[in-house]
Amino acid sequence: MAVGPVERLSMTTMTATPALPARRNRVLADRLGGSLVREIALVVGGTLAMIALARISVPLPFTPIPVSLGTLGALSVGTVLGARRGLISVLGYAALGVAGAPVFTGSNVGWAFASFGYILGYFLVAAIAGLAAERGADRRIITMAPTALVSLASVYIAGLAWMIPFTHMTFTDGLLKGFVPFIIGDLVKAAVATGLFPVLRSFFR
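For the sequence shown, the residue numbers in the numbering used here are -12 to 192.
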């Protein structure tokens, strides 16, 4: 049977047109996001997770900075939600605390306290973790481990930059009171994240 010019053109067009790629789930939350309502729910959930984890804290007698799970919260929302949603979640958490809601560690509200810089550092943690997760870093232990370590370490950039002038400490005292006491805890948090998120990604591909 002969093929006419119209049919031949149609077949050529169909052959040359690539199939549309399926929507990729770059981070875990992409499996649930999409509609505006779901996006809002994800961000609100991230903010609530930040509040819950940041409130778990232990004050230390020799430093104004408490041990807190806030950094793990920022790492988690960044990894699960991605950079954009994670940053908005952290912004919601920080805005509530600055406005006077009791969401920060201890009795801290507002911004005029020594550990506020670490709260600003949560933005760095969420951004680094989120950007790395969007590139698949949370899929394997070998890539999640350095992601967790770098993300958690970034909190000290803003944390120390705020705490040292706020408390009139020397740089050495700032390191001894605002960094050294938390190294072991951060290693534990990094280990938890390294073991947890690749497993979650293996279940929700």
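Don't be surprised by glycine CBs; every beta carbon is placed ideally from N, CA and C.
Item to check | Collapsed DSSP secondary structure at ALA88 in the structure displayed | outcome: Annotated three-state conformation of ALA88 is coil, per DSSP.
Next on the checklist: By the DSSP assignment, the alpha helix (DSSP H) with ALA113 in it spans what residues?
Outcome noted: Start and end: 103 to 121.
Item to check | Where SER141 falls, given that 16 or more other Cβ within 10 Å makes a residue buried | outcome: Under this definition SER141 is a buried residue.
Checklist entry - Quick one: what does DSSP say SER138 is sitting in, helix, strand or coil? => result Looking at SER138 - three-state DSSP - the assignment turns out to be helix.
Checklist entry - Around the Cβ of LEU139, are there at least 16 other Cβ atoms within 10 angstroms (buried) or fewer (exposed)? => result Per the 10 Å Cβ criterion, buried.
Item to check | Assigned exposure category for VAL112 - 16 Cβ within 10 Å defines buried | outcome: By the 16-neighbour rule on beta-carbons within 10 angstroms, VAL112 is buried.
Next on the checklist: Taking the alpha-carbon of ILE38 as reference, which of LEU83, ALA132 and VAL45 has the nearest alpha-carbon?
Outcome noted: The shortest Cα separation from ILE38 among LEU83, ALA132 and VAL45 belongs to LEU83.
Checklist entry - What number of angstroms, rounded off, separates the C-alpha of LEU62 from the C-alpha of ALA135? => result C-alpha separation (whole angstroms): 7 angstroms.
Next on the checklist: DSSP has SER55 in a bridge; who is on the other side?
Outcome noted: According to DSSP, which records beta bridges pairwise, SER55 is partnered with SER44.
Next on the checklist: Using 7 angstroms as the threshold, is the C-beta distance between ALA101 and THR157 below it?
Outcome noted: In this structure, the beta-carbon distance from ALA101 to THR157 does not fall below 7 angstroms.
Next on the checklist: So the candidates are LYS164, ILE170 and LYS176; which of them puts its Cα closest to the Cα of PRO48?
Outcome noted: By alpha-carbon distance to PRO48, the top candidate from LYS164, ILE170 and LYS176 is LYS164.
Next on the checklist: For ILE170 and GLY161, which I take to be in contact (beta-carbon distance under 8 angstroms), what is that distance rounded to the nearest angstrom?
Outcome noted: That belief does not hold up - the Cβ atoms of ILE170 and GLY161 are roughly 14 angstroms apart, past 8 angstroms.
Checklist entry - Apart from the five residues just before and just after LEU118, which ones in its own chain have a Cβ nearer than 6 angstroms to its Cβ? => result Excluding positions up to five away in sequence, the list reads ALA70.
Next on the checklist: Can you list, in chain order, the residues of its chain with a C-beta nearer than 7 angstroms to that of LEU107? Leave out the 5 residues immediately preceding and following it.
Outcome noted: Answer for LEU107: ALA145 and TRP149, listed in chain order.
Item to check | Beta-carbon proximity check, GLY60 vs ALA86, cutoff 7 angstroms | outcome: Cβ distance not < 7 angstroms, so GLY60 and ALA86 don't count as in contact.
Checklist entry - VAL14 by DSSP, collapsed to three states: which one? => result If DSSP states are grouped into helix, strand and coil, VAL14 belongs with coil.
Next on the checklist: One question on the structure: do SER76 and GLY33 come within less than 7 angstroms of each other, judged by their Cβ atoms?
Outcome noted: Remark: C-beta atoms of SER76 and GLY33 approach each other more closely than 7 angstroms.
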